Amino acid sequence: MTSNDNQKKNLRQIFWIWLAITVLGVVIGIYGTPWLMPTSASNTMHLSILTMVVFTVAAAPVAALVYAVVIVALTKWRYKGEGIPPDGPPIRGNSPVTSVWLVVSTLLTVFLLVWGLALLAVDNGAESKSEMTIDVTGQQWVWSFGYAGTQVHSHDLYLPVDTDVKFEVTSKDVVHGFWIVQMGIKVNANPGAITTTAVTPNRVGTFDIRCTEICGLNHAFMVTRVHVLTKKNFEHWLASQPATN
Ligand SMILES: [Cu+2]
4 MTSNDNQKKN LRQIFWIWLA ITVLGVVIGI YGTPWLMPTS ASNTMHLSIL TMVVFTVAAA
64 PVAALVYAVV IVALTKWRYK GEGIPPDGPP IRGNSPVTSV WLVVSTLLTV FLLVWGLALL
124 AVDNGAESKS EMTIDVTGQQ WVWSFGYAGT QVHSHDLYLP VDTDVKFEVT SKDVVHGFWI
184 VQMGIKVNAN PGAITTTAVT PNRVGTFDIR CTEICGLNHA FMVTRVHVLT KKNFEHWLAS
244 QPATN
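Residues 4 to 248 in this note's numbering are what the sequence shown spells out, letter by letter.
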């Protein structure tokens, strides 16, 4: 067998291993990623899960190529002779290889950039159309919520479903992180400043709120819940609350 035949055989092997790992990566991306992510309680979270799926699928062929070359190198290209092994053909000067690699990585990174900017625009748009504002205050180590236009405060958050909610987030002491896990929103709570985020809950149920900035001894216990109610039930809940300051 000439060295050219040998090279073609090697490339064929790399191709088939690459194809198998790519298929595996795509299947894991499509079915495994949503299964690993928290359930979705907002369109924002839905878009986050979709982003994970799309990025995993886009990364699968790239990762598969690395694995395929490593597998072939470790199993077929072990040098069994003596002394310094002979080098393979150089990549430098091989224009088909360098152009494919440049074009593919440019397309992939531009795609990630465009996708990211589009999602950012969706996020920024959400804040401008809010129907309701919640004041969020973090302090060591509890969250409290104020419902704008009322005197009501609570430590569990209550929200009406299918309503555009804006959060104005601050802290009484150190930096905390306000994260509604299943709604895909997270923003820092800074002392002396207000940061904002927005979401439209689209599923009735109880979901998790966690602190995401290490804020002292009981940081890990700075958790609470959000109860998403039907609009009618939310009105009932709000009306039944005593006014506090
Ligand atoms: Cu914390």
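Don't be surprised by glycine CBs; every beta carbon is placed ideally from N, CA and C.
Source: prediction; values computed, not measured.
### Message
Measuring straight from C-alpha to C-alpha, what distance separates Val107 and Leu116?
### Response
Using only the alpha carbons, I get a separation of about 14 Å.
### Query
Do you know offhand how far Ser131's Cα is from Ala196's?
A straight line joining the alpha-carbon of Ser131 with that of Ala196 spans about 19 Å.
### Query
Rounded to a whole number of angstroms, what is the C-alpha to C-alpha distance between Leu77 and Ala71?
10 Å
### Reference Ile212; option with closest CA among Leu220, Tyr161, Ile74 and Arg15
Tyr161
### Task
Give every residue of the same chain whose Cβ lies closer than 8 Å to the Cβ of Val178, excluding the five residues on either side of it in the sequence, and list them in chain order.
Contacts found: Asn191, Ala192, Asn193, Pro194, Glu216 and Cys218.
### Query
Three-state secondary structure (DSSP) at Ala201?
In the structure shown, Ala201 sits in a strand (DSSP, three-state: E or B).
#### Entry: Reduced DSSP category for Asp8 - H, G, I as helix; E, B as strand; rest coil
Asp8 falls in the helix class under three-state DSSP.
### Query
Where do the N-terminal and C-terminal ends of the alpha helix (DSSP H) with Tyr70 fall, by residue?
Asn46 to Lys79
### Span of the beta strand (DSSP E), counted from its first residue to its last, around Leu111
Taken as a continuous stretch (DSSP letters only), Leu111 belongs to no beta strand (DSSP E), being part of the alpha helix (DSSP H) at Ser98 to Ser131.
### Query
Just the Cα atoms here: how many angstroms apart are Glu238 and Thr203?
Between the alpha carbons of Glu238 and Thr203 lies a gap of roughly 17 Å.
### Message
Can you find the residues in the same chain that come closer than 6 Å, C-beta to C-beta, to Val172, ignoring five residues on each side of it along the sequence?
### Response
Val139, Phe181, Val190, Ala192 and Thr198
#### Entry: Candidates Ala66, His230, Thr59 and Ala121: closest to Trp21 by CA position
Considering only alpha carbons, the answer is Ala66.
### Query
How about Ala201 and Ser157: do their beta carbons lie closer than 8 Å?
no
### Ala254 and Met186 closer than 8 Å at C-beta
The question about residue 254 has no answer, for the chain in this structure spans 4 to 248.
### Task
Kindly examine ligand 1 and report whether one of its heavy atoms sits closer than 7 Å to the Cβ of Met225.
yes
### Query
Under three-state DSSP, which class holds His179?
strand
### Task
Please look up how many angstroms separate the CB atoms of Lys234 and Thr166, rounded, as I've assumed it's under 8 Å.
7 Å
### Task
In the DSSP assignment, find the unbroken beta strand (DSSP E) run with Lys189 in it and report its ends.
Ile188 to Ala192
### Query
Does DSSP put Ile17 in a helix, a strand or coil?
Ile17: helix per DSSP, three-state reduction.
### Task
Determine the burial state of Tyr150: buried for a count of at least 16 other Cβ atoms within 10 Å of its Cβ, exposed for fewer.
buried
### Query
Which whole-angstrom value describes the C-beta separation of Val75 and Asn9, a residue pair presumed to lie in contact below a C-beta threshold of 8 Å?
Not a contact, Cβ separation roughly 12 Å.
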